[in-house]
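**Student:** Shown below is the structure under consideration.
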Amino acid sequence: MTILPLLALSCFPSLSLGFPQEKAPNLRETRKLVNEFFSLNFQEEPEAQRGLEIVQQLDSFPLDTSSKKKRWRKELLKIASKRSELTKKAGEYWTWEEEGRGRFIIGGETKKPKALLISFHGGGIGSADARGSFGNHNAPAKKLGWLAIFPQALEATEYGWTDSGTEEWVLGLMESALRTWDIPHDQVFFGGHSMGGYGTWVLGAHHADRLAAAAPSAGAPTPVYNYQKELIDIQEGVIPNVRNLPMVVFQSLDDLQVPPDINQFAVQRITEACEKWGGYSDFTYWEVNGVGHGAPPGGSIAQLEKIKPFSRIPFPKKLVWQPALDWKRRWYWLYWPQPRLGETMIVRMETDSNSIFVESNTKPMGLQIFLPGELFNLKNEVTVFYNKKEIWKGKGEPTLGSLLLSSTYGDEQMLLDSRISPF
């Protein structure tokens, strides 16, 4: 971790050892189920539940040969890629044009982009304009060879990036952009200034498994105060979740609009989390004096250049997850159908013993654990410990159900064909 300077009960039907339990549907039925799966909106609970029912049916379809795995990987990615796309032309657009709602700007490098930047504007109550972030990040994104999407918060509120459905919509824009351009899924960055810095912090934490890095500027996550108006914590779902996310956080000491105390406190919390859980090795706090609420020295591009070298690591050996959204069910190599909001869960993989260690205050019922070949010896049994006690031992057999469940992002790097259900 680099600090510069530092001043201070599931609805998911049980999956028995990951083995197929029912007669597999025929090929026609299978393709019908797969197409239905990709038509679902997984941000809605009933549709997510239907998706899990389809997955259970297709767990009876074994992927027992390399040719089957290869064929179905290709087919699932092809179907996933047919979902909504964006135009490739730079300019200003509306998702719901008739309603004048869902404004966004496409900019940066639109021909052959190397990466994707989602840039969050500043503002607050009564103020929301995508042109603000466009002015900050369009030219830097173009210079770096990055496509840039500049969404405008759906409602001009103090927490515009996380209320009124804006967060769900922004994630949809991100996924549509990745389907439209041939951009590696490990090259997605978030950045923003002021309230956009808040959006970068919070949405970056909520979706860290999707990102290469995040660069909040002159903005901070929401603080928690006691009755004496003393700063005592940072909102849930942020500090634990950025353990594996590279970040460059910029703050000026003389910023009167967003004073440094909140970001300094967040850094203190990250230091404590690092001592407790390890990680945060690519977290940088960039603090200066004299620029007020302005851009970093060297401009916005100086901050973006600091995050440019990073790529998303899809399967870290150790995960810390504090769910903040009931519709955010995937976290790296975990899938929790009904995440318990605010519950901190630590999951780590021990390669030598092919073991998984899960820690939490309350048993994470329904938790699904994918088995990446990069971390696990899939020929051997996997042992699962919960709060240091062995609770499960067995193998995860490759099934079409697992591959389908892992394909919701349409992200080839995150496709996995084996999983277990130890809880």
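According to my numbering, the residues represented by the sequence shown are 1039 to 1461, in order. Just so it is clear, CB atoms sit at the ideal spot from N, CA and C, and this is done for glycine as well.
Let me check understanding here. Comparing Cα to Cα, which of Ile1345, Ala1186, Gly1161 and Pro1352 lies closest to Leu1454?
**Tutor:** Here residue 1454 is taken as the residue at index 416 of the sequence shown, counted from 1. Residue Pro1352 is the option with its Cα nearest to Leu1454.
**Student:** When DSSP labels each residue in this structure, what does Trp1315 get in the three-state scheme?
**Tutor:** To locate residue 1315, count along the sequence shown from 1; it is residue 277. Helix.
**Student:** Could you tell me how far apart the beta carbons of Leu1185 and Thr1437 are, in whole angstroms, since I believe they sit closer than 8 angstroms?
**Tutor:** Position 147 of the sequence shown, counted from the start, is the residue given in the question as residue 1185. Position 399 of the sequence shown, counted from the start, is the residue given in the question as residue 1437. At roughly 35 angstroms, the Cβ-Cβ gap does not stay under 8 angstroms, so Leu1185 and Thr1437 are not in contact.
**Student:** Based on the DSSP output, what are the partners of Val1358 in its beta bridges?
**Tutor:** In the sequence shown, counting from the first residue as 1, residue 1358 sits at position 320. For Val1358, which the question treats as bridged, DSSP gives the partners Ile1384.
**Student:** Ignore the nearest five residues each way along the sequence and tell me which others in Leu1413's own chain have a CB closer than 8 angstroms to its CB.
**Tutor:** Locating residue 1413 in the sequence shown gives position 375, counting from the first residue. Closer than 8 angstroms at Cβ, skipping near neighbours: Phe1353, Lys1355, Trp1371, Met1387 and Thr1389.
**Student:** Quick check on this structure: which residue in Val1420, Glu1136 and Arg1088 has the alpha carbon closest to the alpha carbon of Glu1428?
**Tutor:** Mapped onto the sequence shown, residue 1428 falls at position 390. Of the listed residues, the one whose Cα sits closest to Glu1428 is Val1420.
**Student:** Under 9 angstroms, do Ala1251 and Val1305 count as touching if we go by C-beta distance?
**Tutor:** If you number the sequence shown from 1, residue 1251 lands on position 213. If you number the sequence shown from 1, residue 1305 lands on position 267. Taking 9 angstroms as the Cβ cut-off, Ala1251 and Val1305 do not qualify as a contacting pair.
**Student:** With H, G and I counted as helix, E and B as strand and the rest as coil, what does DSSP make of Ser1157?
**Tutor:** Stepping through the sequence shown from its first residue, residue 1157 is reached at position 119. If DSSP states are grouped into helix, strand and coil, Ser1157 belongs with the strands.
**Student:** How is Ser1456 classed by DSSP in three states: helix, strand or coil?
**Tutor:** Along the sequence shown, read from residue 1 onward, the residue named residue 1456 stands at position 418. DSSP places Ser1456 in coil when its eight states are reduced to three.
**Student:** How many Å lie between Gly1235 and Leu1405 at the Cα?
**Tutor:** Stepping through the sequence shown from its first residue, residue 1235 is reached at position 197. Stepping through the sequence shown from its first residue, residue 1405 is reached at position 367. Cα to Cα, Gly1235 sits roughly 32 angstroms from Leu1405.
**Student:** Would you decide whether Pro1043 is buried or exposed? Buried here means 16 or more other CB atoms lie within 10 Å of its CB.
**Tutor:** Translated into the one-based positions of the sequence shown, residue 1043 becomes position 5. Low confidence applies here, because Pro1043 scores a pLDDT of 40, under 50, leaving its location unreliable; read the following figure in that light. Exposed, by the Cβ-count rule.
**Student:** Once DSSP output is grouped into helix, strand and coil, what is the label at Trp1132?
**Tutor:** Along the sequence shown, read from residue 1 onward, the residue named residue 1132 stands at position 94. It is a strand residue.
**Student:** Taking only the alpha-carbon atoms, compute the straight-line gap between Leu1115 and Glu1450 and give it to the nearest angstrom.
**Tutor:** For this step, residue 1115 is matched to residue 77 along the sequence shown. For this step, residue 1450 is matched to residue 412 along the sequence shown. About 7 angstroms.
**Student:** If we ignore side chains and look at the alpha-carbon of each, how far apart do Gly1411 and Phe1228 end up?
**Tutor:** One-based indexing of the sequence shown puts residue 1411 at position 373. One-based indexing of the sequence shown puts residue 1228 at position 190. Roughly 29 angstroms separates the two Cα atoms.
**Student:** Please say whether Phe1461 and Pro1377 have beta carbons closer to each other than 9 angstroms?
**Tutor:** Translated into the one-based positions of the sequence shown, residue 1377 becomes position 339. Translated into the one-based positions of the sequence shown, residue 1461 becomes position 423. No, the Cβ-Cβ distance between Pro1377 and Phe1461 is not below 9 angstroms.
**Student:** Do you know offhand how far Asn1174's Cα is from Gly1162's?
**Tutor:** Looking up residue 1174 in the sequence shown gives position 136. Looking up residue 1162 in the sequence shown gives position 124. Cα-Cα distance, rounded: 17 angstroms.
**Student:** Compare the beta carbon distance of Arg1350 and Ile1407 with 9 angstroms and say whether it is the shorter of the two.
**Tutor:** Counting from 1 along the sequence shown, the entry for residue 1350 is found at position 312. Counting from 1 along the sequence shown, the entry for residue 1407 is found at position 369. Their beta carbons are not under 9 angstroms apart, which means Arg1350 does not touch Ile1407 by this criterion.
**Student:** Determine the direct distance from the alpha carbon of Arg1111 to that of Leu1441, and round the result to whole angstroms.
**Tutor:** To locate residue 1441, count along the sequence shown from 1; it is residue 403. To locate residue 1111, count along the sequence shown from 1; it is residue 73. Whole-angstrom Cα-Cα distance: 7 angstroms.
**Student:** Would you kindly report the start and end of the unbroken alpha helix (DSSP H) that includes Ala1086?
**Tutor:** Mapped onto the sequence shown, residue 1086 falls at position 48. It spans Glu1083 to Leu1096 - the alpha helix (DSSP H) in which Ala1086 sits, taken as one unbroken run.
**Student:** In three-state terms, what does DSSP make of Trp1430?
**Tutor:** To locate residue 1430, count along the sequence shown from 1; it is residue 392. Strand at Trp1430.
**Student:** List the endpoints of the continuous beta strand (DSSP E) containing Val1396.
**Tutor:** Here residue 1396 refers to the residue found at position 358 of the sequence shown. Ser1393 to Glu1397 is the extent of the beta strand (DSSP E) around Val1396.
**Student:** What did DSSP end up calling Gln1289 once you bin it into helix, strand or coil?
**Tutor:** Position 251 of the sequence shown, counting from 1, holds the residue named residue 1289. The answer is strand: DSSP assigns Gln1289 an E or B state.
**Student:** Starting from Arg1217 and walking both ways along the alpha helix (DSSP H), at which residues does that stretch end?
**Tutor:** Stepping through the sequence shown from its first residue, residue 1217 is reached at position 179. Its alpha helix (DSSP H) spans residues Thr1204 to Thr1218.
**Student:** Mind checking whether Gln1289 and Val1296 have CB atoms under 9 angstroms apart?
**Tutor:** Walking along the sequence shown from the start, residue 1289 turns up at place 251. Walking along the sequence shown from the start, residue 1296 turns up at place 258. Yes, the pair counts as a contact, with Cβ atoms nearer than the cut-off.
**Student:** Where do the ends of the alpha helix (DSSP H) carrying Ile1117 lie?
**Tutor:** Taking the first residue of the sequence shown as 1, we reach residue 1117 at position 79. Taken as a continuous stretch (DSSP letters only), the alpha helix (DSSP H) holding Ile1117 covers Ser1104 to Ala1118.
**Student:** Please name the residue, chosen from Lys1181, Leu1192, Lys1150 and Gly1145, that lies closest to Phe1172 on a Cα-to-Cα basis.
**Tutor:** By one-based count along the sequence shown, residue 1172 stands at place 134. Answer by Cα proximity: Gly1145.
**Student:** Do the stretch 1230-1244 and the stretch 1254-1266 meet, that is, are 3 or more Cβ pairs less than 8 angstroms apart?
**Tutor:** yes
**Student:** Can you name the start and end residues of the beta strand (DSSP E) that Ser1440 belongs to?
**Tutor:** Looking up residue 1440 in the sequence shown gives position 402. From DSSP, Ser1440 is part of no beta strand (DSSP E) but of the alpha helix (DSSP H) over Leu1438 to Leu1443.
**Student:** Using DSSP with H/G/I as helix, E/B as strand and the rest coil, what is Ala1333?
**Tutor:** In the sequence shown, the residue the question calls residue 1333 occupies position 295. Three-state DSSP puts Ala1333 in coil, outside helix and strand.
**Student:** Output the distance between the C-alpha atoms of Met1452 and Val1262, rounded to the nearest integer angstrom.
**Tutor:** For the purposes of this step, residue 1452 is taken as residue 414 along the sequence shown, with counting starting at 1. For the purposes of this step, residue 1262 is taken as residue 224 along the sequence shown, with counting starting at 1. Approximately 35 angstroms between the Cα atoms of the pair.
**Student:** Per DSSP, what are the beta-bridge partners of Ala1166 in this structure?
**Tutor:** Residue numbering aside, residue 1166 sits at position 128 when the sequence shown is read from its first letter. For Ala1166, which the question treats as bridged, DSSP gives the partners Gly1161.
**Student:** Can you check which of these residues, Ser1391, Glu1193 and Ile1300, is closest to Trp1207 by C-alpha distance?
**Tutor:** The residue you call residue 1207 lines up with position 169 of the sequence shown. Here the closest residue by C-alpha is Glu1193.
**Student:** May I ask you to report which of helix, strand or coil DSSP gives Arg1248?
**Tutor:** Taking the first residue of the sequence shown as 1, we reach residue 1248 at position 210. The answer is helix: DSSP assigns Arg1248 an H, G or I state.
**Student:** If I'm right that Ala1143 touches Glu1130 with Cβ under 8 angstroms, what's the distance once you round it to whole angstroms?
**Tutor:** What you label residue 1143 is simply residue 105 of the sequence shown in a count that begins at 1. What you label residue 1130 is simply residue 92 of the sequence shown in a count that begins at 1. Inspection of the sequence shows that residue 1143 is occupied by Ile rather than by Ala. Yes, they are in contact, since the Cβ atoms of Ile1143 and Glu1130 sit about 5 angstroms apart, within 8 angstroms.
**Student:** Which residues share a DSSP beta bridge with Val1262?
**Tutor:** Counting from one through the sequence shown, the residue named residue 1262 turns up at place 224. Beta-bridge pairing links Val1262 to Asp1271.
**Student:** When you compare only the Cα positions, how much space is there between Gly1170 and Ile1394?
**Tutor:** Along the sequence shown, read from residue 1 onward, the residue named residue 1170 stands at position 132. Along the sequence shown, read from residue 1 onward, the residue named residue 1394 stands at position 356. Those two C-alpha atoms are separated by around 45 angstroms.
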